[in-house]
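Asks: Taking the UniProt record's numbering, the leading residue of the sequence shown gets 1, the next gets one more, and so forth. Handing you a structure now.
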Amino acid sequence: MSLGVNRRDNNTASLHGSGAPVSGASLQTQGQPGSAQGRGPVMSPSELLIELHAMEDVVGWKAACEAMDICFNHPELYKSEIIAVVLQQLLDRPTIPSLFMRTVIQAITLYKNLVGFVNSMILVKLIQKKIWTRPVLWKGFVRCAKMMQPTSSSVLATLPKPQLKEVLAMEPMLKEPIDAYLKAKSSGRRVGGGAAKQINVLNAANSTPVPSLPLPRPNPSAMDPSS
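Here it is in C-alpha cells:
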C-alpha cells in the first residue's frame, strides 16, 4: 500500500490509500513546488507526522505505526526540534491520539536530548490532563517514565496518591528513585531530576517540506506501549 499526502483546496491535509491491502507502507509527498505535476504546497515534516497520528482509525494501528516508523527512519528530516514541535502540538489537541505515547517513547529513544523536554513539558501536562483515564496512554506514560529514570521521579512524585500507588504496583522498581527524590527534596537539597537542557519548541524550525523520495520498509518497532 502507498500512503499519499496532499492538500485539498481548503488547505486541510488528506491521506489516502491505494493498491493492495494495508501491509508494508511507503511514504511519499505529492505536489512538489516547481514540478509539472504540482498540486499545491507539500506538508512540512511536522504536519505529516501529526496527520499520521489521526490515521489509526482509517488504516489500522499497524499501518499507521509503520508509516510513522518510516518518518523516524529519516532523522535528516525529523530532527529533535521537529519531533518536539509534533509532541507539543499533539498534546494540545482536545483528544490526545492513542498513538501519542508510542511516539514519545520513540522520540526519547532516538534523541536523548529530548528527555528533559519530555519530562517537564509532556509528562507534567499529561498528569494535568488526567492521563490515567486513557488506559493505553496511561500504560505508555508509565513505561516512558520508567525509561526516563531518575529524571522522571520529580514528575511521578506529583501524581495523586491513588495513581502513584498504581504506578508502583505496575513498576515496583520506581519506588526507590521516587523515595530518593522525596527524601532529597524534604532535606532541602537541590533536586533537578537530571533533566536535560530543554528545547524551545516555539522557536523550532518546522517549515522544511518533505522531499519526494522512495522510503524503505521500516524495521519492526518494539516500542508499542500497549504490549
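The beta carbon of each residue, even a glycine, is placed where N, CA and C say it ideally should be. Small disclaimer: the values here were computed from a predicted structure and weren't measured.
#1: Tell me, to the nearest whole angstrom, how far the beta carbon of leucine 182 is from that of alanine 157; I am working on the premise that it is less than 8 Å.
#2: Counting C-beta neighbours from all protein chains within 10 Å, is the total for proline 94 16 or more, i.e. buried, or is it exposed?
#3: Let me know if threonine 151 comes out buried or exposed under the rule of 16 or more other beta-carbons within 10 Å of its beta-carbon.
#4: One question on the structure: do cysteine 144 and isoleucine 105 come within less than 7 Å of each other, judged by their Cβ atoms?
#5: Return the Cβ separation of serine 98 and glutamate 51 in integer angstroms, given the expectation that the two are a contact with Cβ distance under 8 Å.
#6: Please classify glycine 116 as buried or exposed, where buried requires at least 16 neighbouring CB atoms within 10 angstroms.
#7: Helix or strand or just coil, what does DSSP make of leucine 99?
#8: Along the chain, which unbroken stretches of the alpha helix (DSSP H) at least 4 residues long are found entirely within the UniProt domain "Symplekin C-terminal" (36-169)?
#9: Taking all protein chains shown into account, do 16 or more other C-beta atoms lie within 10 angstroms of the C-beta of glutamate 81, making it buried, or fewer, making it exposed?
#10: Could you spell out where the alpha helix (DSSP H) holding arginine 186 opens and where it closes?
#11: Going by other Cβ atoms of all chains shown within 10 Å of its Cβ, with 16 needed for buried, is proline 162 buried or exposed?
#12: Taking the straight line between their C-alpha atoms, what separation do you get for tyrosine 111 and alanine 84?
Replies: Checking against the coordinates, here is how it stands:
#1: In the sequence shown, residue 182 corresponds to position 182, counting from 1. In the sequence shown, residue 157 corresponds to position 157, counting from 1. That belief holds up - the Cβ atoms of leucine 182 and alanine 157 are roughly 6 Å apart, short of 8 Å.
#2: The residue given as residue 94 occupies position 94 in the sequence shown. Exposed, since its Cβ has fewer than 16 Cβ neighbours within 10 Å.
#3: For the purposes of this step, residue 151 is identified with residue 151 of the sequence shown, where counting begins at 1. By the neighbour-count rule (16 or more Cβ atoms within 10 Å), threonine 151 is buried.
#4: To locate residue 144, count along the sequence shown from 1; it is residue 144. To locate residue 105, count along the sequence shown from 1; it is residue 105. It is a contact, given that the beta carbons lie within the stated cut-off.
#5: For the purposes of this step, residue 98 is taken as the residue at position 98 of the sequence shown. For the purposes of this step, residue 51 is taken as the residue at position 51 of the sequence shown. Actually they do not touch by this definition, with Cβ atoms about 15 Å apart.
#6: If you number the sequence shown from 1, residue 116 lands on position 116. Buried, since its Cβ has 16 or more Cβ neighbours within 10 Å.
#7: Here residue 99 refers to the residue found at position 99 when the sequence shown is read from its first residue. Note: leucine 99 maps to coil in three-state DSSP.
#8: 45-52, 56-59, 61-72, 80-91, 100-110, 124-128, 135-147, 153-156
#9: Locating residue 81 in the sequence shown gives position 81, where the first residue counts as 1. Label assigned to glutamate 81: buried.
#10: Sequence index remark: in the sequence shown, residue 186 carries index 186 (1-based). Reading off the sequence, residue 186 comes out as serine, not arginine. Looking at the DSSP string, the run of the alpha helix (DSSP H) that includes serine 186 is 175-186.
#11: By 1-based counting over the sequence shown, the position of residue 162 is 162. Label assigned to proline 162: exposed.
#12: Residue numbering aside, residue 111 sits at position 111 when the sequence shown is read from its first letter. Residue numbering aside, residue 84 sits at position 84 when the sequence shown is read from its first letter. Cα to Cα, the separation comes out at about 10 Å.
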